[in-house]
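Novice: Residue numbers (our numbering): 15 to 269.
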Amino acid sequence: MHISDFATLGMLVLLQAVLGFDNLLYISLESKRAPKESQTRVRKIGISIAIGLRIGLLFALVQLIKYVQEPLFHVDLGTWMDGAFSVHSLIVLGGGVFIIYTALKEIWHMMALEHEAEQQAEPSSERAVISMIVVMNLVFSFDSILSAMALTDVFWVMATAIVIGGVLMMWLADGVSSFLQKNRTYEVLGLFVLFIVGIMLVSEGGHIAHLHFFESAVTPMSKTTFYFVIGILVVTDLVQTKYQKNLMAMGHHDS
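Here is the structure:
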């Protein structure tokens, strides 16, 4: 046990916190599907199970890293498309597609007629919501674990960072969910952020699979670009909210 191990642990905890933002947002939105009285319990159970599975995934990846990154099959459609798909790329691509589908479905429900929205408002079972939180937590954790493995090969350091990151997520989840519940307009912003997360995962999965469409390579969206786009969305939402309040105030003043 060296001082450098603790320095690496600090870096990994910070990495888990930064990379866990999109995961936390998904957990907050997904937990709303559960009955209101059990949403906090669902989040805690889902994250707790996910922590254990993350450590199991870490152990498996340490042993099988070369296999999950080796191509399983190739697709060659000439100039239309070609790529080499591995377990890693398929997990990231599948997670991205599912998140895009989830975000678009929720946005569509928001735009639906009132009676249709009420029909869609029936809560899901606790088990179903917990299962989705656990599965998507593993999808989000895949790249963070690989990033951790690039920084160190000390298992206890990586496992400890995962546990601390999970505890932080559990601590913040209720606050984020409560904020979205009290500020319903930010739900739309959250869903579009989730949509961009899906696009980021799809682009990353396509890059890992060396996908080419019409002889043009799929390039991954960098984290810098991701956070820049999120920043623009937040600023746009704040400006629009302030503008609407000003218009309402002017309307009341004129009347």
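Heads up, the beta-carbon is just placed ideally off N, CA and C, and yes, glycines get one too.
Because the structure is a prediction, the values reported are computed rather than measured.
Give the straight-line distance between the Cα atoms of Leu252 and Pro49, rounded to the nearest whole angstrom.
Specialist: Along the sequence shown, one-based indexing puts residue 252 at 238. Along the sequence shown, one-based indexing puts residue 49 at 35. Approximately 31 Å, taken between the alpha carbons.
Novice: Ends of the alpha helix (DSSP H) at His224?
Specialist: One-based indexing of the sequence shown puts residue 224 at position 210. Per DSSP, His224 belongs to no alpha helix (DSSP H) and is neither H nor E.
Novice: How many angstroms separate the CA atom of Phe112 from the CA atom of Ala142?
Specialist: Start at 1 with the first residue of the sequence shown, and residue 112 comes out as number 98. Start at 1 with the first residue of the sequence shown, and residue 142 comes out as number 128. About 15 Å.
Novice: State the DSSP-derived secondary structure class of Ser100, mapped to helix, strand or coil.
Specialist: Residue 100 sits at position 86 when you count from the first residue of the sequence shown. In the structure shown, Ser100 sits in a strand (DSSP, three-state: E or B).
Novice: Less than 6 Å between C-beta atoms, sequence neighbours within five positions excluded: which residues of the same chain meet that for Glu128?
Specialist: Taking the first residue of the sequence shown as 1, we reach residue 128 at position 114. Because Glu128 carries a pLDDT of 48, less than 50, the predicted location of this residue cannot be relied on, and no value is offered for it.
Novice: Run through DSSP, which three-state label would Ala142 get?
Specialist: Against the sequence shown, residue 142 aligns to sequence position 128. It is helical.
Novice: Give the range of the alpha helix (DSSP H) segment to which Val232 is assigned.
Specialist: As a position in the sequence shown, residue 232 is number 218, starting the count at 1. Val232 -> no alpha helix (DSSP H), and no H or E assigned at all.
Novice: Please classify Asn197 as buried or exposed, where buried requires at least 16 other C-beta atoms within 10 Å of its C-beta.
Specialist: Counting from 1 along the sequence shown, the entry for residue 197 is found at position 183. Under this definition Asn197 is an exposed residue.
Novice: Below 8 Å CB to CB, which residues in the same chain sit around Glu84 once its five sequence neighbours on both sides are set aside?
Specialist: In the sequence shown, residue 84 corresponds to position 70, counting from 1. For Glu84, where only same-chain residues beyond five positions count, the Cβ hits under 8 Å are Ser100.
Novice: Whose C-alpha, out of Val207, Met25 and Leu247, is nearest the C-alpha of Leu43?
Specialist: For the purposes of this step, residue 43 is taken as the residue at position 29 of the sequence shown. Among Val207, Met25 and Leu247, the Cα nearest to that of Leu43 belongs to Val207.
Novice: Starting from Leu75, trace the alpha helix (DSSP H) in both directions and tell me its first and last residue.
Specialist: Locating residue 75 in the sequence shown gives position 61, where the first residue counts as 1. From DSSP, the alpha helix (DSSP H) with Leu75 extends over Gln53 to Gln83.
Novice: So, for Glu130: in the same chain, excluding its five sequence neighbours on each side, which residues have a beta-carbon less than 7 Å away from its beta-carbon?
Specialist: Numbered from 1 along the sequence shown, position 116 holds the residue referred to as residue 130. Here Glu130 scores only 48 on pLDDT, less than 50, and its place in the model is too uncertain to base an answer on.
Novice: What residue from Thr239, Ile244 and Leu67 has the CA that sits closest to Leu203's CA?
Specialist: In the sequence shown, residue 203 corresponds to position 189, counting from 1. Closest by alpha carbon: Ile244.
Novice: Counting only beta-carbon atoms, is Leu203 nearer than 8 Å to chain B?
Specialist: Among the chains in the structure shown there is no chain B, since it carries only a single protein chain.
Novice: Taking the straight line between their C-alpha atoms, what separation do you get for Glu88 and Leu247?
Specialist: Working through the sequence shown from its first residue, we reach residue 88 at position 74. Working through the sequence shown from its first residue, we reach residue 247 at position 233. The amino acid at residue 88 is misidentified as Glu; the sequence shows His. Near 37 Å, if we compare the C-alpha coordinates of Leu247 and His88.
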